[in-house]
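Single-structure report; data block below.
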Amino acid sequence: MFLKGKVALVTGSTSGIGLAIAHELAAQGADVVLNGFGDAAEIEVIRQDIENRFGVRALFAPVDVADYEAMEKAIATVETELGSLDILVNNAGIQHVAPTSEFPIEKWNKVIDINLTGVFYGIRAVLPGMKHRGFGRIINIASAHGLVASANKAAYVAAKHGVVGLTKVVALENARANITCNAICPGWVLTPLVQKQIDDRAAASGRSVEEEADALVSEKQPNARFTTPEEIGALAVYLCSEAARGVTGTAISIDGAWTAQ
Ligand code: NAD
0 MFLKGKVALV TGSTSGIGLA IAHELAAQGA DVVLNGFGDA AEIEVIRQDI ENRFGVRALF
60 APVDVADYEA MEKAIATVET ELGSLDILVN NAGIQHVAPT SEFPIEKWNK VIDINLTGVF
120 YGIRAVLPGM KHRGFGRIIN IASAHGLVAS ANKAAYVAAK HGVVGLTKVV ALENARANIT
180 CNAICPGWVL TPLVQKQIDD RAAASGRSVE EEADALVSEK QPNARFTTPE EIGALAVYLC
240 SEAARGVTGT AISIDGAWTA Q
């Protein structure tokens with residue numbers, strides 16, 4: 000329970016990786032602020048479950064990470080209601096798959112707005128409070144696609160490479176302020192974001208969803224298995240620990256040796 004007394008905002012935590020990170024941080028005693036979209040009643044169940052299971056406070060901030068004013072206001076509200084904001088996990092993200100020559104302009108703008116600009120917005124809004132309190136842990140969920148590319152993912156790969164660069168800048172600027180900033184670069188994790196890509200592939204190839212899932216993960220990941228959201232959550236917990244205070248400005252892969260090739 001080494002995070003008791005700390006407050007964490009995890010963007011995009013109504014499902015997938017973000018929700019698992021929120022669970023792992025709450026399991027260590029952190030109060031958590033959930034964020035993202037979805038059914039209000041289902042999100043309320045998730046919020047209450049966190050409070051009951053881990054004995055922490057959990058809030059829900061239903062703001063769009065690509066809206067700076069809304070983010071700034073939500074962060075100020077968290078600081079007032081929970082007393083601080085010590086950990087920011089920039090996890091919200093979307094995907095769109097198309098060849099660059101046909102990539103819809105509005106999809107490009109949306110992916111960049113959420114996956115890159117949204118990360119900058121969150122960091123910009125939390126840094127003054129973290130500096131004032133002399134503690135901060137910023138974790139950006141980038142991707143293997145922050146380090147290497149795949150065809151048909153122009154906006155996503157550009158945004159994630161941008162996140163890795165932004166991570167380094169924020170780490171440098173705050174190296175003496177007890178604020179660390181790191182990127183986690185997962186390979187394939189079976190979440191709604193990836194399930195859609197598998198379903199699209201199965202529809203196009205006529206093969207089963209299971210066959211396409213195996214093919215998708217094996218093409219890129221030598222270990223041929225999906226990383227679980229909980230494994231990403233455990234890495235985020237480590238990055239918040241005292242043992243990780245010297246780990247900053249890095250991009251940590253958790254990708255079954257995808258980017259070792
Ligand atoms: P997901 O689709 O399950 O969850 C995405 C979350 O982001 C949801 O809670 C959604 O409501 C929220 N969201 C979307 N747009 C938002 C916005 N504008 N403002 C606030 N919240 C918003 O996806 P996931 O697979 O859990 O992905 C989480 C992160 O991990 C993303 O940044 C993704 O790029 C990254 N990632 C995923 C994988 C993978 O294989 N799943 C691999 C590498 C990196």
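The sequence shown finishes on residue 260 if you use numbering that gives the first Met the number 0, and the numbering steps up by one all the way, no holes. We put the CB at the ideal spot given by N, CA and C, even for glycine. Values in this document were obtained by computation on a predicted structure and should not be read as measured data.
Would you report the Cα separation of residue i and residue j, rounded to the nearest angstrom?
i, j, result
"Arg175", "Asn34", "30 angstroms"
"Met70", "Gly121", "7 angstroms"
"Arg136", "Glu80", "20 angstroms"
"Ala97", "His131", "44 angstroms"
"Ala29", "Glu229", "16 angstroms"
"Gly17", "Thr258", "23 angstroms"
"Asn151", "Ala143", "15 angstroms"
"Ala214", "Ala250", "26 angstroms"
"His95", "Thr227", "22 angstroms"
"Ala25", "Val147", "32 angstroms"
"Gly145", "Ala256", "14 angstroms"
"Asp254", "Arg224", "9 angstroms"
"Tyr67", "Gly117", "8 angstroms"
"Ala91", "Ala243", "23 angstroms"
"Thr190", "Lys106", "20 angstroms"
"Ile111", "Ala65", "9 angstroms"
"Gly248", "Ile49", "30 angstroms"
"Ala21", "Thr10", "9 angstroms"
"Gln196", "Ile93", "12 angstroms"
"Glu23", "Val44", "17 angstroms"
"Pro127", "Asn173", "11 angstroms"
"Asn89", "Gly54", "24 angstroms"
"Cys239", "Met0", "12 angstroms"
"Asn177", "Gly133", "6 angstroms"
Any idea if residue i is buried or exposed, counting beta-carbon neighbours within 10 angstroms, 16 or more meaning buried?
i, result
"Glu261", "Nothing can be reported for residue 261: it is not among the residues displayed for the chain, which extend from 0 to 260."
"Phe36", "exposed"
"Leu8", "buried"
"Arg46", "buried"
"Met129", "buried"
"Asn139", "buried"
"Gly245", "exposed"
"Ile42", "buried"
"Val162", "buried"
"Leu171", "exposed"
"Ala212", "buried"
"Glu209", "exposed"
"Asn108", "exposed"
"Gly15", "buried"
"Ala153", "buried"
"Thr166", "buried"
Apart from the five residues on each side of it in sequence, which residues of its chain come closer than 6 angstroms, Cβ to Cβ, to residue i?
i, result
"Val169", "Ile122, Cys180"
"Ala60", "Val32, Asn34, Ala73"
"Pro103", "none"
"Ala141", "Lys159, Val162, Val163, Ala182, Cys184"
"Arg52", "none"
"Thr13", "Gly35, Gly37, Ile42"
"Ser252", "Cys184, Thr258"
Within its chain, find whatever has a CB closer than 8 angstroms to the CB of residue i; leave out the 5 residues flanking it on each side and keep chain order.
i, result
"Gly4", "Gly28"
"Lys125", "In the sequence under discussion, the amino acid at residue 125 is Val, which differs from the Lys named in the question. If we look at Val125 and ignore the five residues flanking it on each side, its Cβ neighbours are Leu8, Ile74, Leu84, Leu87, Gly135, Ile137."
"Val77", "Val6, Leu8, Val32, Leu58, Ala60, Leu84"
Within the present structure, is the beta-carbon of residue i separated from the nearest heavy atom of the ligand ADP by less than 6 angstroms?
i, result
"Val31", "Because the ligand ADP does not appear in the structure shown, any question about it cannot be addressed here, the ligands present being the ligand NAD."
Given residue i, which residues of its chain have a CB within under 7 angstroms of its CB, disregarding the five upstream and five downstream residues?
i, result
"Val193", "Trp187"
"Ala19", "Pro228, Glu229, Ile231, Gly232"
"Gln200", "Here the sequence assigns Arg to residue 200, which means Gln is not the residue at that position. Contacts found: Glu211, Leu215."
**Item:** Cβ contact (3+ pairs, closer than 8 angstroms) linking the region 179–187 and the region 221–240
**Value:** A contact exists between the region 179–187 and the region 221–240.
**Asked** Does the count of Cβ pairs from the region 196–204 and the region 218–229 closer than 8 angstroms reach three?
**Response** Output reads no: the region 218–229 does not touch the region 196–204.
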